[in-house]
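Worksheet for the structure shown next.
Residue numbers (our numbering): 51 to 166.
Here's what the structure looks like:
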């Protein structure tokens with residue numbers, strides 16, 4: 051049996067921008083992508099703590115150490131600059147393996163989205 055479990059989570063980052071005219075996706079600082087083991091193009095779920103919105107998009111790499119968290123395209127309508135969000139991705143795996151799997155959990159500084 052296969053089940054879906056949390057693979058990666060970036061907990062409570064602050065949105066730095068919303069670009070309605072971009073093609074789509076969420077731009078995430080490269081440092082946060084690496085720390086959370088999320089790859090460019092990976093499907094992610096976004097939860098907006100400020101307004102309760104929940105939606106899916108895909109990740110693209112932002113500049114390293116920029117702190118950038120920008121929602122692009124239609125997703126930009128679901129956030130405002132300064133909102134706090136949670137970014138999650140999931141993986142399917144064997145039920146027994148899932149029992150011992152440890153996800154990548156990242157808790158950045160909400161003020162500048164850094165890991166320090």
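Glycine residues also receive a C-beta, built at the ideal position from the N, C-alpha and C atoms. Bear in mind the structure is a predicted one, so any value in this text is a computation, not a measurement.
Asked                                                                                                               : Found
Closest Cα partner of residue 58 within the set 68, 74 and 83                                                       : 83
Between the CA atoms of residue 60 and residue 153 - distance to the nearest angstrom                               : 11 Å
Sequence-distant residues of the same chain with beta carbon closer than 6 Å to residue 157, five excluded per side : 61
Anticipated Cβ contact below 8 Å, residue 120 with residue 76, distance rounded                                     : 7 Å
Cβ pair residue 128, residue 160 closer than 7 Å                                                                    : no
Touch test, the region 102-117 against the region 144-152, Cβ-Cβ under 8 Å, three pairs minimum                     : no
Limits of the alpha helix (DSSP H) - the one that residue 47 falls within                                           : As shown, the chain starts at 51 and ends at 166. That puts residue 47 outside it, with no answer to give.
Counterpart residues of residue 116 in DSSP-defined beta bridges                                                    : DSSP, once it has assigned bridges, lists no residue as partnering residue 116.
Beta carbon of residue 137 nearer than 7 Å to that of residue 73                                                    : no
DSSP state of residue 93 mapped onto helix, strand, coil                                                            : strand
Per DSSP, the bridge partner or partners of residue 55                                                              : 141
Neighbour-count burial assignment, residue 144, 16 or more Cβ in a 10 Å radius                                      : exposed
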